[in-house]
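>
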Amino acid sequence: MLPLLPLALLLSLTTGCQSTYKEESARLRHLWEDGNVEAAAQEASQKAGKHTGSVDSVVWRLEQGATLRASEEYLDSNEAFDQAEVKVDRFENQAPVQIGQTTKATFSNLDTLPYKGYAYDKIMLNTYKALNFLSLGKPEKARIELNRSMQRQEEAVRLNARRIEKAQAAAKREQMNVDRLQDHPRLTSKLKEQNIYPQASQLEAYEDYVNPFTVLLDGLFFMTSATGPSDLERAHQSLERVYGMMNDRQFIKQDLNAVESLMTGKELPEMTYVIFETGLAPIREQIRIDIPFFIITEEVPYVGAAFPKLEFRDRYLSSLRVTHSGKTVETDLVADFDSIIAQDFRNHLPIVISRTLIASAVKAAATYGLQEGAKAAGLPGIVGGLIGAGYQLAVNVADLRTWTTLPKQIQYCRIATPPDRKLVLTAPYDSTLKKTVTIQPGGTVNVVYAKSITPGTPLLVSQFQLK
1100 MLPLLPLALL LSLTTGCQST YKEESARLRH LWEDGNVEAA AQEASQKAGK HTGSVDSVVW
1160 RLEQGATLRA SEEYLDSNEA FDQAEVKVDR FENQAPVQIG QTTKATFSNL DTLPYKGYAY
1220 DKIMLNTYKA LNFLSLGKPE KARIELNRSM QRQEEAVRLN ARRIEKAQAA AKREQMNVDR
1280 LQDHPRLTSK LKEQNIYPQA SQLEAYEDYV NPFTVLLDGL FFMTSATGPS DLERAHQSLE
1340 RVYGMMNDRQ FIKQDLNAVE SLMTGKELPE MTYVIFETGL APIREQIRID IPFFIITEEV
1400 PYVGAAFPKL EFRDRYLSSL RVTHSGKTVE TDLVADFDSI IAQDFRNHLP IVISRTLIAS
1460 AVKAAATYGL QEGAKAAGLP GIVGGLIGAG YQLAVNVADL RTWTTLPKQI QYCRIATPPD
1520 RKLVLTAPYD STLKKTVTIQ PGGTVNVVYA KSITPGTPLL VSQFQLK
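In terms of our numbering, the sequence shown is residues 1100 to 1566.
1. Within the same chain, show all residues whose beta-carbon is closer than 6 Å to that of I1509, passing over the 5 residues directly before and after it, in chain order.
2. When the Cα atoms are used, what is the spatial distance from F1563 to L1258?
3. What does V1536 pair with, by DSSP beta-bridge criteria?
4. Apart from the five residues on each side of it in sequence, which residues of its chain come closer than 7 Å, Cβ to Cβ, to N1225?
5. Within its chain, find whatever has a CB closer than 7 Å to the CB of F1350; leave out the 5 residues flanking it on each side and keep chain order.
6. Can you check whether the CB of V1560 is closer than 8 Å to the CB of Y1372?
7. Specify the secondary structure class of E1376 as computed by DSSP and reduced to three states.
8. Secondary structure at A1405, three-state DSSP: helix, strand or coil?
9. What's the C-alpha gap between Q1442 and D1307?
10. Using CA atoms only, rank isn't needed, just tell me which of Q1182, L1167, A1147, T1166 is closest to W1159.
11. Using CA coordinates, which residue listed in P1368, L1456, V1136 is at the minimum distance from R1168?
12. Since I believe D1220 is in contact with R1500 (beta carbons under 8 Å), could you give me their beta-carbon distance rounded to a whole number of angstroms?
13. Restricting to Cα atoms, I'd like to know which of D1389, Q1145, K1533 is closest to S1288.
14. Do Q1385 and A1497 come within 8 Å of each other at the CB atom, strictly closer than that value?
15. State buried or exposed for L1532, treating a residue as buried only when at least 16 other CB atoms are found within 10 Å of its CB.
16. Shortest alpha-carbon distance to V1544 belongs to which of E1239, K1507, A1357?
17. Counting only the same chain and skipping the five closest in sequence on each side, list residues whose C-beta sits under 6 Å from that of M1362.
18. Can you name the start and end residues of the beta strand (DSSP E) that Y1511 belongs to?
19. If we count the other Cβ atoms within 10 Å of its Cβ and call it buried at 16 or more, is S1176 buried or exposed?
20. Apart from the five residues on each side of it in sequence, which residues of its chain come closer than 6 Å, Cβ to Cβ, to S1144?
21. How would you label A1125, buried or exposed, when you count the other beta carbons within 10 angstroms and need 16 or more for buried?
22. Counting pairs of beta carbons, one from the stretch 1442-1453 and one from the stretch 1289-1298, are three or more of them closer than 8 Å?
23. Checking contacts by CB at 8 Å: is C1512 closer than that to chain C?
24. Tell me A1434's beta-bridge partners as DSSP assigns them.
25. What number of angstroms, rounded off, separates the C-alpha of G1134 from the C-alpha of T1422?
26. Identify which residue in R1420, S1438, A1458 has its Cα closest to the Cα of S1551.
27. Whole angstroms is fine: what's the gap from K1149's alpha carbon to G1327's?
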């Protein structure tokens, strides 16, 4: 047993000295929350280059793509998203079991595994690429990305089933009754005490792995770029789907009426959409709890486990007011990323708990081995126990990686394009935020894309045309 001693010391030292993604991304989050998008893009690009080939490569490329997009560097943004997508696709197609990586994660922590992207990451990656291509005036490439983003929503259910199968196989390999541990009253009560489970009753109810904004954009694109009846039918299906999810929102109903008019041979009127990204998506915090591994052995003095928990960020503009031709309308919610991410988190949580319990069981067994090895070497058993406890404290770290530069919400409104092509954008309850926008000439269907990161930061505005 004694050879476990240098192994534990080595693992605790090497793992403990590594910076976590949350630590490394702290400056990026600070710059982003301050609305300094150009500096945030530089920071994300620098870190993405540094982490090329690392287990954090995908998440850094996602951050890079989002921050470059906010800086209107659409080509560079898509290049970053392309690099993320190449790896995401490779992960989806690779062999299901990576023995070396799994073993390392078992003895250290789950953030030593590659970040493969959550379902909402992949869907939004292609959605942002589509928006970038629209801003670059390349609708044919936007069409490809929208097709891919819709496919990703369909694939997410299948991939989740495969993840569950892999987690069950891992539990079987470890000869561990994970279900018994997950259902143990002490563990269950501690997880509930820490509010690790997002409260579904407080969130919008969407279909699993569906981003309503992606579906809306798909509907608007195929409505305005239709090359035949099949495109109009697709537009109608997408808009009808969003309408069903969003509880009778007025603007979506108007879009449904518009595509139905097109299907009868009528023309689209001149109109302008204002799409509004606001706030910050949830981040992940760590909680540590003692778990009941006396089920396995009563000889280990400390057995702890670290789990992720969502932290919702609530500093955001609740809507955007759009004034035109003496009238004012307010943007309406399309997609709540708190809900989208929380649903994915809840779906993935049983797998995270299982993997964490497996890893903690192995570490508990290693600690017990250290105690017995110390006794066999004539040392007090407490020596091995203390070293083992230190090892567990060092390596029991939750995986807190997440795409931090996503918004909290996406909203939109639609208006008849005013004759003078002037809009005034203002924030409720904040008279200091006011931006006058002149709609670009020549378009029948215009899009003004506005973004607010936190209250008090500049309102970022760009434009493109759907028709």
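Using N, Cα and C, we set each Cβ at its ideal position, and we do this for glycine too.
Keep in mind it's a predicted model, so treat the numbers as computed, not measured.
Quick look at the numbers:
1. One-based indexing of the sequence shown puts residue 1509 at position 410. Correct list, in chain order: F1312, E1376, V1433, A1434.
2. The count along the sequence shown starts at 1 and reaches residue 1563 at position 464. The count along the sequence shown starts at 1 and reaches residue 1258 at position 159. Near 34 Å, if we compare the C-alpha coordinates of L1258 and F1563.
3. Position 437 of the sequence shown holds residue 1536. Paired residues: L1522.
4. Sequence index remark: in the sequence shown, residue 1225 carries index 126 (1-based). Correct list, in chain order: E1244, R1247, S1248, R1251.
5. As a first step, residue 1350 must be located in the sequence shown, where it is residue number 251. D1431, Y1511, C1512, R1513.
6. Translated into the one-based positions of the sequence shown, residue 1372 becomes position 273. Translated into the one-based positions of the sequence shown, residue 1560 becomes position 461. Not in contact: Y1372 and V1560 (Cβ atoms no closer than 8 Å).
7. Along the sequence shown, one-based indexing puts residue 1376 at 277. Residue state, collapsed to three classes: strand.
8. Taking the first residue of the sequence shown as position 1, residue 1405 is located at position 306. Here A1405 sits in strand by DSSP.
9. To locate residue 1442, count along the sequence shown from 1; it is residue 343. To locate residue 1307, count along the sequence shown from 1; it is residue 208. Each residue's Cα considered, the two are about 7 Å apart.
10. Residue numbering aside, residue 1159 sits at position 60 when the sequence shown is read from its first letter. Comparing Cα-Cα distances from W1159 to each of Q1182, L1167, A1147, T1166, the minimum goes to A1147.
11. Reading the sequence shown from its first residue, position 69 is the one you call residue 1168. Of P1368, L1456, V1136, the residue nearest in Cα terms is V1136.
12. Locating residue 1500 in the sequence shown gives position 401, where the first residue counts as 1. Locating residue 1220 in the sequence shown gives position 121, where the first residue counts as 1. Not confirmed; about 10 Å, so no contact.
13. Within the sequence shown, numbered from 1, the residue matching residue 1288 stands at position 189. For the residues D1389, Q1145, K1533, the minimum Cα distance to S1288 belongs to D1389.
14. Residue numbering aside, residue 1497 sits at position 398 when the sequence shown is read from its first letter. Residue numbering aside, residue 1385 sits at position 286 when the sequence shown is read from its first letter. Their beta carbons are under 8 Å apart, which means A1497 touches Q1385 by this criterion.
15. The sequence position of residue 1532 within the sequence shown is 433, counting from 1. When all chains shown are included, L1532 counts as buried.
16. Taking the sequence shown and counting its residues from 1, one reaches residue 1544 at position 445. When each option's Cα is compared against that of V1544, the closest is A1357.
17. For this step, residue 1362 is matched to residue 263 along the sequence shown. So the list reads L1331, once near-sequence residues are dropped.
18. The sequence position of residue 1511 within the sequence shown is 412, counting from 1. Y1511 -> beta strand (DSSP E) spans 1508-1515.
19. Here residue 1176 refers to the residue found at position 77 when the sequence shown is read from its first residue. It counts as buried.
20. If you number the sequence shown from 1, residue 1144 lands on position 45. Here the set comprises Q1163.
21. To locate residue 1125, count along the sequence shown from 1; it is residue 26. Burial call: exposed.
22. The answer is yes - the stretch 1289-1298 touches the stretch 1442-1453, with three or more Cβ pairs under 8 Å.
23. Protein chain content of the structure displayed is limited to a single chain, and chain C is not contained in it.
24. Sequence index remark: in the sequence shown, residue 1434 carries index 335 (1-based). Answer is I1509, bridged to A1434.
25. Position 35 of the sequence shown, counting from 1, holds the residue named residue 1134. Position 323 of the sequence shown, counting from 1, holds the residue named residue 1422. Going from the Cα of G1134 to the Cα of T1422 covers about 24 Å.
26. As a working note, residue 1551 is residue 452 in the sequence shown. Of R1420, S1438, A1458, the residue nearest in Cα terms is R1420.
27. Looking up residue 1149 in the sequence shown gives position 50. Looking up residue 1327 in the sequence shown gives position 228. Looking at the two C-alpha atoms, the distance is approximately 47 Å.
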